[in-house]
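Here is the structure we will look at, set down as structure tokens.
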Amino acid sequence: MTFDDLNLNKSLRSALKELGYEKPTTIQEKAFSVVMSGRDMLGIAQTGTGKTLAYLLPCLKQWTFSKDKNPTILIVVPTRELVAQVVEEVKALTMYMDVKVVGVYGGTNMNTQMAVLREGLDILVATPGRLLDLSLNGTVKLKLVKKFIIDEVDEMLSLGFRPQLVRVMDFLATNRQNLMFSATMTDEVSVLINDFFNAPQIIEAAPTGTPLDKIQQTAYNVPNFNTKVNLVKMLLANSTELTKVLIFMENKKLADYLFEQLEAEFPEKIGVIHSNKAQNNRFNTVNSFKDGNYRILIATDIIARGLDIAEVSHVINLDTPDIAEDYMHRIGRTGRADKTGISITFTTAKEMEYRDAIETLMDRKIEILPLPEGLVFSDVLIDDEKPKVNMKIIQVKLPKKDAGGGAFHEKLDKNKKVNVRVSRSDKMKQKYKKPKTRGAKK
Ligand code: AMP
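The letter at position 414 of the sequence shown is residue 414 when you use this note's numbering, and the numbering goes up by one with no holes.
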């Protein structure tokens, strides 16, 4: 199939030509007729399969000019990076069309975004929280939305965005078309579909030809974190093949730590991104890596999700992810669009079971490489690796207040008397049975 078979209008065809795309990918081919038919759809596809264009192409083919200032196409994505990326793809694809696209996301000034939205737009790309805020305060009205797209829905749900998504749907008209993309079919995804979608057609990017076939997967068995740091330093220093290297870390603290360790040896050639970094800083860092100014980019899972960076030569997993799907997402950053790539995963004894789970999921083995000669083994453990000292909590029994303790003895009878104060006048009353004072007489 070629793009000509899709009967696209001239502006879209020219844009595709300009972008150098020759034929539709599997998911683009499959999604096209479903979206055109107006049915709800769930596409099972990872990033790198061309899923963004899979919904953009038919949506833009069906798009008609509207004088209204509110959007007719709404695309919701989990991260700010993905907002920027989708906005870029829409702009590229509509280079010969008069379509205005706006991207909004949290963590930045809402007033600026409100001002831009008030000028009017056709396509809105947004993260769920900010979209909800802008709908609640009335800046953007979603009643005209004809195409509602939720991208990376599995990721969105695992980030806890379900409540925002559901509330956003209250602002939409019921006669819309729902299109949803997910890398995997999870229980949460299927519940969401059952609750809000109308008998969606499910399509899938062909499992063969996924990036997996184009990635040479390797692994090293490494005793601990600091030896992993020594190994990554050694690989980066010794191999000129590692030209564009994406390093995954399990959390931001370790990502910053590794950055400090590597920065001295590769000055000005390395960047780090995670959720604690300011938005601008994240954009600039990713762009420096894309442009080739940085050779190395250190990232955590969430931030790297959906990042489209061409020609990543190597993905290095400093940890072996405990969720097998995360591994697939990570290595999918290399070997994109007709390119081949290499993944290198470091595994400690404790992480060995995770690697087994990954191999089971893929139904293929990862090649284990011998540790290079000269590697310096470290025996300095990081906090997470130190054995946990399990102190047994000794319950100290306190004596009950009235139970008596060791130094307690029974009172003698004479000491058991309770002092009850009786006033003199009452004593007199009891004795003489008649009032004694003037007041009492009355
Ligand atoms: P996605 O899966 O949407 O993140 O897309 C992955 C990459 O593939 C992006 O850089 C797209 O620009 C590119 N791409 C999308 N469709 C095609 C196509 N038909 N031919 C070649 N590259 C494409």
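Even glycine gets a Cβ: it sits at the ideal position worked out from N, Cα and C.
So who's on the other strand from residue i, going by DSSP bridges?
i: A126; result: V76, V104
i: Q449; result: As shown, the chain starts at 1 and ends at 442. That puts residue 449 outside it, with no answer to give.
i: N194; result: In the DSSP output, where bridge partners are listed per residue, N194 has none listed.
i: L236; result: In the DSSP output, where bridge partners are listed per residue, L236 has none listed.
i: E152; result: None; E152 has no bridge partner.
i: F225; result: Per DSSP, none; premise fails for F225.
i: T249; result: Per the sequence shown, residue 249 should be read as Met rather than Thr. M249 pairs with T300.
When the Cα atoms are used, what is the spatial distance from residue i to residue j?
i: N137; j: M36; result: 33 Å
i: E155; j: F289; result: 24 Å
i: K51; j: N111; result: 32 Å
i: D151; j: L131; result: 14 Å
i: L19; j: A92; result: 8 Å
i: E263; j: N251; result: 18 Å
i: F139; j: A115; result: The question names Phe, but residue 139 is Thr in the sequence shown. Those two C-alpha atoms are separated by around 9 Å.
i: P128; j: V86; result: 15 Å
i: R421; j: K427; result: 10 Å
i: K269; j: G38; result: 48 Å
i: D383; j: N198; result: 50 Å
i: V153; j: R333; result: 19 Å
i: T174; j: M328; result: 36 Å
i: K141; j: S135; result: 6 Å
i: D195; j: L157; result: 14 Å
i: K431; j: S425; result: 10 Å
Relative to the C-alpha of residue i, which candidate in the options has its C-alpha closest?
i: W63; options: V86, I123, D195; result: I123
i: K68; options: L56, L74, E119, A31; result: Note on identity: in this sequence residue 68 is Asp, with Lys being the wrong assignment. Of the candidates L56, L74, E119, A31, the one whose C-alpha sits nearest the C-alpha of D68 is E119.
i: R13; options: P58, G38, K269; result: P58
i: K443; options: T25, L56, T26, K61; result: In the structure as shown, the chain begins at 1 and stops at 442. Residue 443 is therefore absent and cannot be evaluated.
i: N280; options: K30, Y105, S425, D5; result: Y105
i: E385; options: P372, L361, T348, E311; result: T348
i: S378; options: D187, V102, K228; result: K228
i: Y96; options: M41, L179, D322, L16; result: L16
i: L236; options: L157, I316, M180, V83; result: I316
i: D133; options: S425, N109, P200, V153; result: N109
i: A255; options: F283, T240, M234, N226; result: N226
i: I247; options: D413, I149, L117, T320; result: T320
i: G335; options: E410, D213, D326, E359; result: D213
i: D253; options: Q201, K277, K429, N284; result: Note that residue 253 is Lys in the sequence shown here, rather than Asp. The residue with the shortest Cα to Cα distance from K253 is K277.
i: E373; options: N238, L53, G107; result: N238
Would you say residue i reaches chain C, if we count a Cβ-Cβ gap shorter than 8 Å as a contact?
i: D363; result: Structure shown: chain C not included; a single protein chain is present.
Here's the rule: buried if 16 or more other CB atoms are within 10 angstroms of the residue's CB, otherwise exposed. What is residue i?
i: P267; result: exposed
i: S33; result: exposed
i: G48; result: buried
i: M249; result: buried
i: T208; result: Reliability of the predicted coordinates at T208 is poor, the pLDDT of 37 falling under 50, and the value obtained from them is presented with this limitation in mind. By the neighbour-count rule (16 or more Cβ atoms within 10 Å), T208 is not buried but exposed.
i: T300; result: buried
i: L381; result: exposed
i: L192; result: buried
i: R355; result: buried
Between the beta-carbon of residue i and the beta-carbon of residue j, is there less than 8 Å?
i: K146; j: Q177; result: yes
i: I203; j: L258; result: no
i: S313; j: L242; result: yes
i: N445; j: I368; result: No answer is possible for residue 445: the residues shown for the chain start at 1 and end at 442.
i: V245; j: R167; result: no
i: V286; j: E81; result: yes
i: S275; j: I302; result: yes
i: I27; j: A183; result: no
i: N230; j: V376; result: yes
i: V125; j: V101; result: yes
i: L165; j: V83; result: no
i: T340; j: I366; result: no
i: E29; j: L56; result: no
i: V232; j: L371; result: no
i: F171; j: P78; result: no
i: K23; j: M41; result: no
i: I44; j: I215; result: no
i: P71; j: L6; result: no
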